[in-house]
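Numbering (the working numbering), first residue to last: 291 to 1053.
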């Protein structure tokens, strides 16, 4: 799936049509909406209508219901239906955001209130909520309160997918889906016109590490057309930001987006707030960065007891290692083999951006480093039969070879053969870090066999085992296979669903891979421990481009210090004594769960273990983190009643009754679906379908189509002969004739030209 996907284009077009429909709304004498960006010149950049902060929309199927619920305008009746529905952005009346940054993860709670200002009183419509998130965003929970004639509320719950038949009863197309990889959207059923909808959404996102800083970007930019109409309507926005690095060193902060006021400061903890009465809502994202200051390598161990309701009663620990923000350590010499997918599905922008990222990575190698390139589809193509030094001349030859080989995408996908070749090229490595860099957009049938072959190669290899770094493009590759390969090879994994981000993400991953300062890291298992489980089981190398944060469970008594050792670039042994502390001001359940779920899912996939799948599902239900084996639903609840605990779908069906066909009451249950990425698509890979080319259409799509009538109507041609009307009529059916006829009867000829001009844009 690409960032500017089919679904995203459909969504933008529906919002554009919704903004045109909102022109029907009369706000009273002397009141007018804030000028919105609705000119025809925006047609070439319709992605501007994608949400840049949490937003809510009225889903309009019947244009006749669009009106001010307080001041009816009595406009001419509009015949027909909008199929697919238009999306009218709702006016926002309040907004706040609380962000907790713990180590390398941010937990965001965004709250706001929107009014259904565009639907006449007594009529109802669905509302669609869009939630843009930062890097590696994961929806954790949703709460909705609706203030209308009969108050209602919804609360999200994670449920297991134990019974596929029950899931079919719950699932409803379009209730919840990803608009883009970073924008999730879901539906609230049947909200009354004039109601206030209060929404609270919780999600987590990764804090990228760049230039020794953890960087936070949270979408918080609102368009002008969500500003409520009225001179005396107060608008107040608030941001609460809390930072806890988990380390015992001083923090340095930087914020350039909002005037944050410092509330408190401790050695590893900071707290800020921004609150203001504003004439217009924020038009910039929250940008923040913090640095954990240290001149050299350092780390620590944090301990915490499990929660009272934790099904795993073992104690928890977190081990972290930082490279320091002063580059006083020498990095290892590099020997790198790039294994690049050039199958037909990679053609166009993906392969062009991969080539650019490869050349940028080669330019960062030193003359004493060596490299090779293997391009593969159904067959493999080597740049050189052996490793070559990264001299200016060899990089120039590689550039020419790439231009003649890598841009000619063709054939299928065979990963096993080139991977074996890469491992063989690096089999005699010593006094350097050998790297295998795999880039692909597809999945293959022998992925488990590849993992086992790589395990064997690493076990029987030379003095230094190759590190494996994997990079996935789009949704058709098996991201858990790529993660598993990286874990086996003590490397790292990254991905992108946006072809425009390939260069940035690949270069960042290569920076991590090529700046290792401490390798072959091990820790001494304390004698007083009865058992210990580490995620991941093998500690990755420590790089200037990324700190290492691991978690685990144990039984027994942890000592006051933990000894960790590794190998430096000069091949000498480096030993650190890590201080062990109890962490009472952090929640390990929130910080470490995403890693644990991903790692266990990889092993569940590799071993095809139902037991591990069930364990992942239990962790997901307990911590409210998404997984491949759980689904998110919205349950309607009474405000006085206690929200039910996570349960199996069958238990839910025993407690509630689903609405019958034709029932006008609000649905009791809304399925938001499984929020996992899946395990790849063998069929799409075999057919060489490019990422995003075969996406399903969203239920609220691209254009407004009006249902046809059977009889011919030429009344409007008798009343108006302007070319705009004639051209409009040539694309419209009989119901549209009726619409224009009524409008032209009510308006003067010049006004008719304007209304037809707007309808031309809308249709």
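The C-beta atom is built at its ideal place from N, Cα and C for all residues, glycine as well.
Where residue i falls, given that 16 or more other Cβ within 10 Å makes a residue buried
| i | result |
| --- | --- |
| residue 767 | buried |
| residue 243 | The structure shown does not extend to residue 243, since the chain is modelled only from 291 through 1053, so no value can be given for it. |
| residue 714 | exposed |
| residue 690 | exposed |
| residue 892 | buried |
| residue 987 | Its pLDDT being 45, under 50, residue 987 is placed unreliably by the model, and nothing is read from it. |
| residue 362 | exposed |
| residue 606 | buried |
| residue 305 | buried |
| residue 720 | exposed |
| residue 884 | buried |
| residue 727 | buried |
| residue 580 | buried |
| residue 309 | buried |
| residue 303 | buried |
| residue 297 | buried |
| residue 307 | buried |
| residue 946 | Any reading at residue 946 is ruled out, since the residue's pLDDT is 46, under 50, leaving its predicted position unreliable. |
| residue 942 | With a pLDDT of only 45 at residue 942, under the threshold of 50, the placement of this residue in the model should not be trusted, and no figure is reported. |
| residue 658 | exposed |
Nearest candidate by alpha-carbon position, reference residue i, set the options
| i | options | result |
| --- | --- | --- |
| residue 746 | 546, 717, 763, 724 | 717 |
| residue 897 | 734, 742, 920, 630 | 742 |
| residue 853 | 562, 413, 611, 508 | 611 |
| residue 474 | 832, 496, 427, 441 | 427 |
| residue 815 | 789, 843, 547 | 843 |
| residue 584 | 834, 303, 575 | 834 |
| residue 419 | 412, 405, 861 | 405 |
| residue 875 | 961, 365, 535 | 535 |
| residue 403 | 512, 346, 396, 363 | 346 |
| residue 565 | 659, 807, 761, 531 | 531 |
| residue 965 | 832, 528, 907 | 907 |
| residue 838 | 679, 900, 576, 782 | 782 |
| residue 903 | 894, 784, 871 | 894 |
| residue 754 | 623, 408, 701 | 623 |
| residue 515 | 407, 693, 925 | 407 |
Residue interval of the beta strand (DSSP E) (run including residue i)
| i | result |
| --- | --- |
| residue 579 | 576 to 582 |
| residue 489 | 486 to 496 |
| residue 288 | No answer is possible for residue 288: it lies beyond the span of the chain, which begins at 291 and ends at 1053. |
| residue 663 | 660 to 666 |
| residue 378 | 376 to 379 |
| residue 400 | 395 to 405 |
| residue 513 | Here residue 513 belongs to no beta strand (DSSP E), and DSSP marks it neither H nor E. |
| residue 479 | 473 to 482 |
| residue 1054 | Outside the shown range of the chain (291 to 1053) lies residue 1054, about which nothing can therefore be said. |
| residue 431 | 428 to 437 |
| residue 730 | 723 to 730 |
| residue 962 | 959 to 963 |
Closer than 8 Å: residue i CB and nearest the ligand SAH heavy atom
| i | result |
| --- | --- |
| residue 736 | Here there are no bound small molecules, and the ligand SAH is not part of this structure. |
Delimiting residues of the alpha helix (DSSP H) encompassing residue i
| i | result |
| --- | --- |
| residue 446 | Premise fails: residue 446 lies in the beta strand (DSSP E), 442 to 450, not in any alpha helix (DSSP H). |
| residue 306 | 296 to 311 |
| residue 969 | Counting along the chain, residue 969 falls outside any alpha helix (DSSP H), and DSSP gives it neither H nor E. |
| residue 422 | Unbroken run through residue 422 is the beta strand (DSSP E), 414 to 422; no alpha helix (DSSP H). |
| residue 712 | 706 to 715 |
| residue 684 | 682 to 695 |
Below-9 Å beta-carbon distance, residue i vs any chain B residue
| i | result |
| --- | --- |
| residue 467 | The structure shown contains no chain B; it is built from a single protein chain. |
If we require 3 or more residues per run, which beta strand (DSSP E) segments fall completely within the segment 738 to 823? 757 to 763, 783 to 786, 806 to 813
Taking contact to mean at least 3 C-beta pairs separated by less than 8 Å, is the segment 785 to 802 in contact with the segment 636 to 653? yes
If you pair each beta-carbon of the segment 500 to 512 with each one of the segment 353 to 365, do three or more pairs fall below 8 Å? Between the segment 500 to 512 and the segment 353 to 365 there are fewer than three inter-stretch CB-CB distances shorter than 8 Å, so the stretches are not counted as touching.
Counting only runs of 4+ residues fully inside the segment 828 to 912, write out the alpha helix (DSSP H) ranges in chain order. 878 to 897
Report yes or no: do the segment 385 to 393 and the segment 427 to 434 share at least 3 C-beta pairs separated by less than 8 Å? no
Restricting to runs no shorter than 3 residues, where is the beta strand (DSSP E) found entirely within the segment 591 to 643? 605 to 612, 624 to 631
Under 8 Å, with one C-beta from each stretch per pair, do the segment 366 to 375 and the segment 389 to 400 reach the 3-pair mark? No, they do not touch.
Quick check: the segment 871 to 886 against the segment 594 to 608, are at least 3 beta-carbon pairs closer than 8 Å? As far as the Cβ criterion goes, the segment 594 to 608 touches the segment 871 to 886, which means the pair count is three or higher.
With a cut-off of 8 Å, do at least 3 Cβ pairs link the segment 705 to 713 to the segment 679 to 688? Result no; under three Cβ-Cβ pairs closer than 8 Å.
Touching or not, the segment 478 to 495 and the segment 559 to 566, by the rule of three or more beta carbon pairs under 8 Å? Touching, no, given that fewer than three Cβ pairs across the two stretches are closer than 8 Å.
Counting beta carbon pairs with one atom in the segment 518 to 528 and one in the segment 817 to 827, are three or more of them shorter than 8 Å? Taking a cut-off of 8 Å on C-beta distances, the segment 817 to 827 does not touch the segment 518 to 528, as fewer than three cross pairs fall below it.
Below 8 Å, how does it come out for the segment 768 to 786 and the segment 966 to 976: are there three or more Cβ pairs, yes or no? Two segments are said to touch when three or more pairs of C-beta atoms, one from each, lie closer than 8 Å; by this definition the segment 768 to 786 touches the segment 966 to 976.
Say whether the segment 663 to 681 touches the segment 628 to 638, bearing in mind that this needs 3 or more beta-carbon pairs closer than 8 Å, one atom from each stretch. yes
Starting from the N-terminal side, write out each stretch of the beta strand (DSSP E) that is 3 residues or longer and does not extend beyond the segment 344 to 372. 345 to 350
Which ranges would you report for the beta strand (DSSP E) in the segment 519 to 582 if only whole runs of at least 3 residues count? 526 to 534, 541 to 545, 551 to 555, 559 to 567, 576 to 582
Is it true that the segment 613 to 622 meets the segment 567 to 574, where meeting means three or more beta-carbon pairs spaced less than 8 Å apart? no
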